[in-house]
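Note sheet for the following structure.
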Amino acid sequence: MHLSQPAISQTINNLEKHFGTKLFLRQGRSVYLTEIGQALRPMAQELVSAARRMGETASSLQGEVVTK
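Just remember that our numbering sits 3 ahead of the position in the sequence shown, which is counted from 1.
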């Protein structure tokens, strides 16, 4: 996932602000999903998979000429 720890923390903070709720519980050095975080997890996984497929499709189409 090529992101630094501070970048991940900032992304989590932004998501929590956006949704207006905590998505993670932080206990010492451990991090757990809240109930809401657990409910959103499958949708987040779908988004990540879709973004990966979009990147793969874009890469495979590079160099192809599209004509009508």
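For every residue, glycine included, the Cβ atom is placed at its ideal position computed from N, Cα and C. These figures come from a predicted structure and were not determined experimentally.
Where residue i falls, given that 16 or more other Cβ within 10 Å makes a residue buried
i, result
"residue 26", "buried"
"residue 66", "exposed"
Rounded straight-line distance, which links the Cα of residue j to that of residue i
i, j, result
"residue 29", "residue 64", "42 Å"
"residue 10", "residue 19", "14 Å"
"residue 13", "residue 32", "17 Å"
"residue 44", "residue 50", "10 Å"
"residue 54", "residue 15", "18 Å"
Closest by C-alpha distance to residue i, when choosing among the options
i, options, result
"residue 23", "10, 11 and 39", "39"
Chain C contact for residue i (CB, 8 Å cutoff)
i, result
"residue 25", "The chain inventory of the structure shown lacks chain C, comprising one protein chain alone."
Identity of the residues DSSP links to residue i by a beta bridge
i, result
"residue 33", "30"
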